[in-house]
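Peer 1: Pasting a structure here, questions to come.
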Amino acid sequence: MTLKVTKQIKANVETELRKGTSKSRIAHILGVPYEEAITIIEKIKESIRPDVGDCIRFTFREKEMIGKIEKLLTNSAVVAIDWERSNDVMKDICEDRTIVNFKDIVEFMTVEDESAEEIKEVVED
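Here is the structure:
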């Protein structure tokens, strides 16, 4: 049985990987044999590894923030915080840059997402 990797499956696997869920548990969630799950997981892992320069939305102390990745570490990244689009409450406890664990990344923002937020801000002003 070959499982087609839909957007929903990809999103579920990404979420589980960020949580640190084991591969065998992901196989059970997908309802596929372990070997097939490994293949799916490896493909998805390659596609979700962030790159330097990616704009991300992440959570830090339960607050949503936005920033740009400056440096990749093993399971985390150094992120420059975009204070114009992040929670101002966090300015007191955060530097301009912070370490973000991959599991805390909520989404990778595309150019369209960034443009839509800028347009939304202009319209609200």
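Here my numbering is used: position 76 in the sequence shown is 80, and no number is missing along the way. Glycine included, every Cβ here is placed at the ideal spot set by N, Cα and C.
#1: S28: buried (16+ other C-beta within 10 angstroms of its C-beta) or exposed?
#2: My output table needs one value for S51: the three-state DSSP class, helix, strand or coil.
#3: List the DSSP bridge partners of A84.
#4: Within 10 Å of its beta-carbon, does E125 have 16 or more other beta-carbons around it, so buried, or fewer, so exposed?
#5: Only counting the same chain, and skipping five residues up and downstream in sequence, which positions put a Cβ closer than 6 Å to that of E74?
#6: What is the rounded straight-line gap between the Cα of G57 and the Cα of V9?
Peer 2: Reading it off the structure:
#1: By the 10 Å Cβ count, S28 comes out exposed.
#2: DSSP places S51 in helix when its eight states are reduced to three.
#3: Bridge partners of A84: K72 and R101.
#4: Here E125 scores only 49 on pLDDT, less than 50, and its place in the model should not be relied on; the value that follows carries that caveat. Under this definition E125 is an exposed residue.
#5: The beta carbon of E74 lies closer than 6 Å to those of V82 and A84 in the same chain, with the five residues before and after it left out.
#6: Rounded to the nearest angstrom, the two C-alpha atoms are 27 Å apart.
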